[in-house]
Amino acid sequence: MALLSGSAAAQNTVERVAIKGAQDMIVVPKDWNGGLFIYAHGYTADKRLLAPFPADPSKVPLLLLPGLASVPPGYAAAVTTFRSVGWYVKDAVKDIENLRRYFVKKHGKPKHTYIWGHSGGGMVTQAVIEYFPGTYEGAAPMCGTGAGAWRNFNAALDLRLAYEYVCRDVPAARFACRLCSDGKSRCLADAHCPAGQTCGDSEAPAAPEDGLGPECTAFLLDHPETFTESPTSLGGDFVTPPLTACFGDLNPGGAPSAEQAARKDLFLRATQLRESFLATDMFFASIGMAEVVHRRTHGRHPWGNMGVDYASPLLTPAEQTAFNAGIARVAADADAVRYMRRFYEPRGRTRSKVITVHALDDGLVLPENEDKYREAFEAAGTTDRLVQLFTPTGGHCLFLAAWTPALQALTAWVEEGRKPSTTSVSPTCGNCLTDQTPGPWGLKVVERRAKGAPVRTLVCSVEPGDCPAGATCVEAQHHCR
Numbered sequence: 189m190a191l192l193s194g195s196a197a198a199q200n201t202v203e204r205v206a207i208k209g210a211q212d213m214i215v216v217p218k219d220w221n222g223g224l225f226i227y228a229h230g231y232t233a234d235k236r237l238l239a240p241f242p243a244d245p246s247k248v249p250l251l252l253l254p255g256l257a258s259v260p261p262g263y264a265a266a267v268t269t270f271r272s273v274g275w276y277v278k279d280a281v282k283d284i285e286n287l288r289r290y291f292v293k294k295h296g297k298p299k300h301t302y303i304w305g306h307s308g309g310g311m312v313t314q315a316v317i318e319y320f321p322g323t324y325e326g327a328a329p330m331c332g333t334g335a336g337a338w339r340n341f342n343a344a345l346d347l348r349l350a351y352e353y354v355c356r357d358v359p360a361a362r363f364a365c366r367l368c369s370d371g372k373s374r375c376l377a378d379a380h381c382p383a384g385q386t387c388g389d390s391e392a393p394a395a396p397e398d399g400l401g402p403e404c405t406a407f408l409l410d411h412p413e414t415f416t417e418s419p420t421s422l423g424g425d426f427v428t429p430p431l432t433a434c435f436g437d438l439n440p441g442g443a444p445s446a447e448q449a450a451r452k453d454l455f456l457r458a459t460q461l462r463e464s465f466l467a468t469d470m471f472f473a474s475i476g477m478a479e480v481v482h483r484r485t486h487g488r489h490p491w492g493n494m495g496v497d498y499a500s501p502l503l504t505p506a507e508q509t510a511f512n513a514g515i516a517r518v519a520a521d522a523d524a525v526r527y528m529r530r531f532y533e534p535r536g537r538t539r540s541k542v543i544t545v546h547a548l549d550d551g552l553v554l555p556e557n558e559d560k561y562r563e564a565f566e567a568a569g570t571t572d573r574l575v576q577l578f579t580p581t582g583g584h585c586l587f588l589a590a591w592t593p594a595l596q597a598l599t600a601w602v603e604e605g606r607k608p609s610t611t612s613v614s615p616t617c618g619n620c621l622t623d624q625t626p627g628p629w630g631l632k633v634v635e636r637r638a639k640g641a642p643v644r645t646l647v648c649s650v651e652p653g654d655c656p657a658g659a660t661c662v663e664a665q666h667h668c669r
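The number in the working numbering is simply the position in the sequence shown, starting from 1, with 188 added.
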C-alpha cells in the first residue's frame, strides 16, 4: 500500500484522464525512482467499472486497486478501466499503449517500464509484451490464461454442453431471461419491465453454443446487478436459480434431493471442476460466452467440439460412452477462431523478462494454463526469459502475499540481473510458494488440434520473422498479410 498510505501519500502526484473511452489514473510518488508499473485488470462484464476514477486513489474499484496498492515502493503506477467490458483484450491492448504513451509525454520516458495483471489482465499483459516488443523490460502475468483465449473458451463450451447433458430433464435448469408482459422486453423481476407491465414466463432458451440469446445478453449486460462474477460468491439472480434447480442448494450445508446430488456428482466428475467454482465457471459458460458471440464475433462461434472424445478419468467406461453419445456437437467458425487466437494466443516471442504466478487450486483459470504458456516460450526459444511460480492455495488470484514480492523479484531481475526462483522468492512472502507444478493442459481439458494457418500468420508485431516470406505485418491489426 506504499502509494496509498502513510504521510507521503498526500504528496503523491495523482492524475485522472480519459483517453479514447478508457478512464485512467496515474500516481507518481514524491520520491519517484523513475520506474513505472502499468496494471491490466481482470475480466468483468460489469459496465459500472467504466465510470471515471474517484479523486482519492484508495477508493478506486476493488478490481483496479491492486494496480495502485501493490507496486513496490518508489515506482509510479498507472491503471486503466479499458474502453469496454467483457472479452476486452483487443481494446485493452490499445488502451494500455495509449496510457503508456500519455505517461511518457507527461512525465518523460521511465527508466524501467513494467506491466502486470491478474486473470484476463494476465492475458492482456501477455499480449502487450508480444505486440509491443522492447517496450516493457519486465512483465508479471498472474493467474493468467496462458493457454490462450481459444483453448479456454473451448473449455467453457465443454462445461456448458456437459451441463446441458446432465440437466437435460430439468426445464428450470435452462439459462434464459424472462419476458415482460409486452412479450418483447427481457426481465428477471417486475422492476425490470416498463411501467404497468409484469415479468412473466421464460423466453425460449438459445442454443447452448450461443451462451444466451442476443436480447437476453443485452439485458444482462445492461443490468450488471443481476449477476456475480466473484469466485467467492454464488452467481447472482441469473446464474444461481438454474444451477439450484439442477443441483440443489449450492450453499454450504445445502440439502439437495437424491436426484440433484446425483446430477451434481456426474457433472463434477465429467468436468473435473472444483465444486467451489461451479457458479463462477457457469457464469463464463453462459454470460461470458454470450458476450463474445454477440459483441465480439458477430454471432459466430469461436469454439467447437466436433470429433472431441470426452474421457474424464473420473467417469466409468459406460458413463464415458453415454456422455459422448448424448452431448451436443458444435462446429467452430474459422473467422471467429482467428479472432480469438489473435486476442489472444501467446507465442512466447518477447524481449521482456516474465514472471508468472498461479495458484494450484485455481478452479477458474486452471493452473494448467501455465503448461501451455511455457510451451510457447519453448517453441520460440525464449525460456531463459520465463520464470513460473506457484502457490499451493489462493484460488483465483487471491494469493495476495505473493503479489508485491513477485514484482520486487521482477525489478531485481531487470535492474540487477538477479534471476528469481521459487527458492529465492518464497522466503520474501512467508514461504507462500511451492515446488509443485500443475500437470499438462490435456489432463483436464480436451485439447483441440488447430486447423489452418499457424499462430504466427495470425498474430504479429514488428519483430523480424514474425510473418512468413512474402508477407508483411499490418501493425494496426497485428496480423500478417
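Glycine residues also receive a C-beta, built at the ideal position from the N, C-alpha and C atoms.
Exercise for review: Report yes if the CB atom of His546 is closer than 9 Å to the CB atom of Pro608, and no otherwise.
Suggested key: no
**Study point:** Buried or exposed (CB count within 10 angstroms, at least 16 for buried), Gly442
**Key:** exposed
Check your understanding: What span of residues does the beta strand (DSSP E) with Met470 cover, start to end?
Key -> That residue, Met470, is in no beta strand (DSSP E); its alpha helix (DSSP H) goes 466-471.
Point to revise | Whether Val205 touches Ala264 by CB criterion (9 Å) | key: no
Exercise for review: Within its chain, find whatever has a CB closer than 7 Å to the CB of Asn200; leave out the 5 residues flanking it on each side and keep chain order.
Suggested key: Leu191, Val215, Val216, Pro217, Lys218
Point to revise | Other residues of its chain near Phe565: CB distance less than 6 Å, five sequence neighbours each side excluded | key: Gly536, Thr571, Leu574
Practice item. Could you tell me if Val292 is buried or exposed, where buried requires 16 or more neighbouring beta carbons within 10 angstroms of its beta carbon? Key: exposed
Practice item. May I have the straight-line CA-CA distance separating Arg488 from Gln314, to the nearest angstrom? Key: 25 Å
**Study point:** Cβ shell of Met213 (< 6 Å), same chain only, five flanking positions each side left out
**Key:** Arg204, Phe241, Val267
Check your understanding: Which term fits Leu631, buried or exposed, when burial requires 16 or more other beta carbons within 10 angstroms of its beta carbon?
Key -> exposed
Exercise for review: Closer than 8 Å by C-beta to Val277: which residues in its own chain qualify, once you throw out the five before and the five after it? Chain order, please.
Suggested key: Gly308, Met311, Val312, Ala315, Ala337, Phe531, Tyr532
Practice item. State the start and end residues of the unbroken beta strand (DSSP E) segment that holds Ile226. Key: 223-228
Check your understanding: Ala392 by DSSP, collapsed to three states: which one?
Key -> coil
Exercise for review: Express the C-alpha separation of Val259 and Ala597 in angstroms, rounding to a whole number.
Suggested key: 12 Å
Check your understanding: Below 8 Å, can you find three or more Cβ-Cβ pairs linking the stretch 477-496 to the stretch 405-416?
Key -> yes
**Study point:** Every unbroken beta strand (DSSP E) within the stretch 268-349, with a cutoff of 3 residues, ordered by chain
**Key:** 300-306, 326-330
**Study point:** Buried or exposed by the 16-neighbour rule on C-beta atoms within 10 Å, applied to Ser445
**Key:** exposed
Review point. Does the beta-carbon of Met494 have 16 or more other beta-carbons within 10 angstroms, so that it is buried, or is it exposed?
Key: exposed
Check your understanding: How far does the alpha helix (DSSP H) with Asp425 in it reach, from first residue to last?
Key -> 424-435
Review point. Nearest to Ile543 by alpha carbon, out of Arg517, Arg348, Gly332?
Key: Gly332
Exercise for review: Please name the residue or residues paired with Ile214 in a DSSP beta bridge.
Suggested key: Glu203, Ala266
**Study point:** DSSP three-state assignment for His486, whether helix, strand or coil
**Key:** coil
Practice item. Determine the direct distance from the alpha carbon of Asp521 to that of Gly640, and round the result to whole angstroms. Key: Any reading at Gly640 is ruled out, since the residue's pLDDT is 46, under 50, leaving its predicted position unreliable.
Check your understanding: Arg529 by DSSP, collapsed to three states: which one?
Key -> helix
Point to revise | Beta carbon of His411 nearer than 9 Å to that of Leu376 | key: yes
Review point. Which whole-angstrom value describes the C-beta separation of Gln624 and Leu548, a residue pair presumed to lie in contact below a C-beta threshold of 8 Å?
Key: 6 Å
**Study point:** Backbone CA spacing between Met470 and Trp220 [nearest angstrom]
**Key:** 44 Å
Practice item. Identify, in the order they occur along the chain, each residue of the same chain with its Cβ nearer than 6 Å to the Cβ of Lys541, setting aside the five sequence neighbours on each side. Key: Gly326, Arg573, Trp601, Val602
Review point. Exposed or buried, Gly476, counting other C-beta atoms within 10 Å across all chains shown (16 or more means buried)?
Key: buried
Review point. Using DSSP with H/G/I as helix, E/B as strand and the rest coil, what is Ala520?
Key: coil
Check your understanding: What is the DSSP secondary structure of Gln624, reduced to helix, strand or coil?
Key -> coil
Point to revise | Bounding residues of the beta strand (DSSP E) (the contiguous stretch that carries Arg366) | key: 366-368
Point to revise | Neighbourhood of Asp370 by C-beta distance below 8 Å, restricted to the same chain and skipping five residues each side | key: Cys381, Pro382, Gln385
**Study point:** Any 3 or more C-beta pairs closer than 8 Å across the stretch 420-437 and the stretch 449-468
**Key:** yes
Review point. Does the stretch 220-240 come close enough to the stretch 555-565 to have 3 or more Cβ pairs within less than 8 Å?
Key: no
Point to revise | For Phe578, the first and last residue of its enclosing beta strand (DSSP E) | key: 574-579
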